[in-house]
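J.: Dropping a structure here in structure tokens format, bear with me for questions.
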Amino acid sequence: MGKSVIFNHLTGLHQHIGNWPGKTVERAEGTLHFKGRMIDVIDLPGIYSLSTFSIEELISREYIAVENPDLVINVVDASVLERNLFFTLQLMELETPIVVALNQMDMAKKKGIKIDCKKMEEILGVPVVPTVATSRAGIYELMQTSVDAVEKGVGTPTKIRYGKEVEVRIEKLSKMVSKLQLPYPARWAAIKLLEEDEQIEGRIGQLDPKTVSAARKLAEEIERIHGHSCSTVITSERYEIAGGIAREVQEIAPLRKLPMRERLHALTTHKILGYPVMVAVILSVFFAIFSFGDYTSQLLGTVFENVCSVYEGLFGTGILATLVWGGVIEGLIAGITIALPYLIPFYLVLYFLEDSGYLSRIAFLMDNLMHKIGLHGKAFIPAMLGFGCNVPACLGCRIMETERERFLATFVVTLVPCAATSVIILGLVGTYVGFEWALLLYVIDLLIIFVLGRIAFKVLPGEPTGLIMEMHDYRTPHLKTVLAQTWFRLKEFVIMAFPLIIAGSFIIKLVDVLGLLEPIADVLSPVTVVWLGLPAITGITLIFGVLRKELTLLMLATLFGTADFASVAGFGSVQMIVFTLVAMLYIPCVSTIAALVKEQGWRRALFITVFEIGFAIFVGGIAYRLLMLTGM
Amino acid sequence: MEKKLSELKPGERGVIVSIQALTRSHGHHRRRGWGFRRRLEDMGLTPGTRVMIVKSAPFHGPIEIHVRGSRLAIGRGMAERILVSVEN
């Protein structure tokens, strides 16, 4: 949290959010204007280490080593010094110029921790600036120190010395490595080789395989001496050094009474009370997001209806005018009235929950349940949000750590029945077939999520990861940062998704205007009529459902010429259930597809889309046959 | 006395002895379980580290521990692979 607050202080409104090239990791970039200088600031992913466990770690490390930034500002949480210094040490080993922003000094103070910054500066050999980002304290000093560090240079950071057995072998190996042409410092590369870092091994192995085998031999020697793998020994020693520095620079006074945040933590992770609290929070979040979204959505809808009649008065209802309105403008309206009213409160709430620390407590409580579908606790939030709208749910999958988990969570989330799907389930099956059948559909959907989640979990390559996360202390989120984060993410979504939504609606409208809908429905009839046992006309409604799922129901009423579906011949209970089942599973709506493309890229978005269409048709056909057997 | 971290009761302390690699195979690689151990170690759970169990979530959920001045949540499956010697 501290990092994004500082980033926002540095760059203000001069920000640009995108993705790292070819990755699903967010990249924020901004400009700092300071005393006539224009400084490019990049927000590197928040990480704990520079190994290659996650894609974020790799990105940060490659950026620092290869792009050679003038300076790295290392935002350190003063209230958890030891863990954070472990990372600082790794940055120092990369031999990049750094300035440490010793942040959250206020929280440290509240926890009874006093830190001697001067001493820390001496020990590390890098500038240390105490800051309280949320109240802007120390930010000016941080800017000044950083500029000075770049322009006047900083002294060399203290060299981190490991135990004798390790140190001797690092020296030996770095002599070998220094002969190779590498973008990394030799000592750092030598350490990484000893840690059996896959990426560095691969890179050096291409240049000189002998160095890699020499490194393996040296690592084995260390392993024999210490009885643990070499990477364990190095990590362990590095943590010892971090711990030693932390003990030297900080004084901890015991707290006399249990602070409020600790009591709140105890309550929100309590084995019994934690759950009702969680349910209450989630319900109020849901209520807030959807009452705001629904209200705004309808309000905007009414506004646009009026605009529509004005438009028709001006341009008439000719083919071109209809195409422009129905295709382009209505796509825009769909985006504005569906996505935005839900996305704005969603982002606000998500960042609020995340920054305050409550999100990690929910993950703690729900970890076990999410394991059943191959995910861990953190995925619970996006999955829950999916019941409202799949778009924010897809975007919310960002909070997962590895690329594998992110894909898995996204896949699962697109299967969750969103509010529009619920409209179909309740409006069609719930009203005309019976409430118990609607309930059954929900149960079936959850079962499908469970089964597909498990299969994807087994099939996807890569190591599954369990939950391991820091539960930082509760704190008040920084409102300005939350607002800024919301604003920039929203802007990015609009730029990315709207062209897709508009293009989608234009194509469908074009097909409509050209009179191709019925021929297409005929083409689809082997699927709709023969396999699914539905009236041919439903093919058209399912196409429109791609725009917004509730349109399938609205179009059905239009095409049948009545909203009383019970009176339609050839559309009995079986057809209603099959139709709803297909509509529930068959495709993420165009807004969700846009979110998928943004988060996962074209290939995976296409994969999920195609898979879900095929799967829905498959399940629908099976259901039709089963239902016919029961003689409904 | 050595126990799995997951077997410790709330309030109990221990020192980490070792982290067992994953036994379930994910590719026949000599690095099997490498990332898993690396991850725990990067988060500060190295051999010799003192830990205290604060609580465990119900229904076989994750456990909360204090380690290196911070608070971590660890999934049950991961905690089962961490061997600690219990302090009295």
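Protein chains in written order, with this note's numbering: chain A, 500 to 1131; chain B, 13 to 100.
Beta carbons are placed, not taken as given, at the ideal position from N, Cα and C, and that holds for glycine.
#1: With a threshold of 6 Å on Cβ separation, who are the neighbours of R746(A) within its own chain once the five nearest residues in sequence on each side are excluded?
#2: Would you identify the three-state DSSP class for D1063(A), choosing helix, strand or coil?
#3: Along chain B, in chain order, which residues have C-beta atoms closer than 9 Å to that of I967(A)?
#4: Considering only their Cβ atoms, is the gap separating F1070(A) from P1034(A) smaller than 8 Å?
#5: Which whole-angstrom value is the C-beta distance of M64(B) and Y547(A), which I expect to be below 8 Å?
#6: Tell me which same chain residues have a C-beta within less than 6 Å of the C-beta of D1021(A), skipping the five on either side of it?
#7: Could you check whether the Cβ of R25(B) sits closer than 8 Å to any Cβ belonging to chain A?
#8: Taking the DSSP output, what are the residues bridged to D793(A)?
#9: Hey, would you say L52(B) sits closer than 8 Å to I31(B), going by beta carbons?
#10: Helix, strand or coil, according to DSSP, for H870(A) in the structure here?
#11: Identify every residue that forms a DSSP beta bridge with Q514(A).
#12: Within the same chain, show all residues whose beta-carbon is closer than 6 Å to that of F949(A), passing over the 5 residues directly before and after it, in chain order.
#13: Kindly list the residues whose CB is nearer than 6 Å to the CB of H41(B), restricted to its own chain and excluding five residues on each side of it in sequence; keep chain order.
#14: DSSP state of L970(A), grouped into three classes?
#15: Excluding the five sequence neighbours on either side, which residues of its own chain have a C-beta within less than 6 Å of the C-beta of F506(A), listed in chain order?
#16: When you compare the CB of K770(A) with every CB in chain B, is at least one pair closer than 8 Å?
#17: Starting from the N-terminal side, write out each stretch of the alpha helix (DSSP H) that is 4 residues or longer and does not extend beyond the segment 964-1024 of chain A.
#18: Give every residue of the same chain whose Cβ lies closer than 6 Å to the Cβ of E694(A), excluding the five residues on either side of it in the sequence, and list them in chain order.
#19: Between the Cα of M1131(A) and the Cα atoms of G933(A), L1053(A) and I967(A), which residue gives the shortest distance?
#20: Could you tell me which chain A residues have their CB closer than 7 Å to the CB of P70(B), listed as they occur along the chain?
#21: Distance check for P682(A) and L495(A), CA to CA, integer angstroms please.
#22: Answer with yes or no whether the minimum CB distance from K103(B) to chain A is below 8 Å.
#23: By the 10 Å Cβ neighbour count, where 16 or more other Cβ atoms means buried, how is S808(A) classified, buried or exposed?
#24: Is V575(A) closer than 8 Å to A600(A) when the C-beta atoms are compared?
#25: Cα separation between L57(B) and L95(B)?
#26: What in chain B is Cβ-close to N867(A), meaning under 9 Å?
#27: DSSP on L84(B), reduced to helix/strand/coil?
#28: On the DSSP bridge assignment, give the partners of S97(B) in chain order.
#29: Using a Cβ-Cβ distance cut-off of 8 Å, determine whether R80(B) contacts chain A.
#30: With 16 as the cutoff for other CB atoms within 10 Å, does K1048(A) come out buried or exposed?
#31: Could you work out which residues of chain B lie near R547(A), taking near to mean beta carbons separated by less than 7 Å?
#32: Label W1101(A) either buried or exposed according to how many other C-beta atoms from any shown protein chain fall within 10 Å of its C-beta, with 16 as the threshold for buried.
#33: Answer yes or no: does any C-beta atom of chain B fall closer than 8 Å to that of T734(A)?
#34: Look at the alpha carbon of M1054(A) and the alpha carbon of A908(A), and state the distance between them as a whole number of angstroms.
#35: Identify every run of the alpha helix (DSSP H) within the segment 581-642 of chain A, keeping only runs that are complete inside it and at least 4 residues long; order them along the chain.
#36: Which residues in chain B sit within 9 Å of H727(A), going by Cβ to Cβ distance?
T.: Let's see:
#1: none
#2: coil
#3: R51, L52, M55, L57, P74, L84, A85, I86, G87 and M90
#4: yes
#5: About 20 Å separates the two Cβ atoms, so there is no contact after all.
#6: none
#7: no
#8: The partner list for D793(A) (beta bridge, DSSP) is empty, contrary to what the question assumes.
#9: yes
#10: helix
#11: G529(A)
#12: I872
#13: Residue placement at H41(B) is poorly supported in this model, since its pLDDT is 47, which falls under 50; the coordinates are not used for a value here.
#14: For the record, residue 970(A) in the displayed sequence is Met; it is not Leu. Three-state DSSP puts M970(A) in coil, outside helix and strand.
#15: D542
#16: yes
#17: 978-1012 and 1016-1024
#18: S730 and I733
#19: G933(A)
#20: K770
#21: Any question about residue 495(A) goes unanswered here, given that chain A covers just 500 to 1131.
#22: Because chain B spans 13 through 100 in this model, residue 103(B) falls outside it and cannot be assessed.
#23: exposed
#24: yes
#25: 11 Å
#26: A69, P70, F71, H72, G73, P74, G87 and R88
#27: strand
#28: E14(B) and V27(B)
#29: yes
#30: buried
#31: It should be pointed out that residue 547(A) corresponds to Tyr in this sequence rather than to Arg. Within chain B, the residues near Y547(A) are D54 and M55.
#32: exposed
#33: yes
#34: 31 Å
#35: 604-609 and 616-623
#36: S30, T58 and P59
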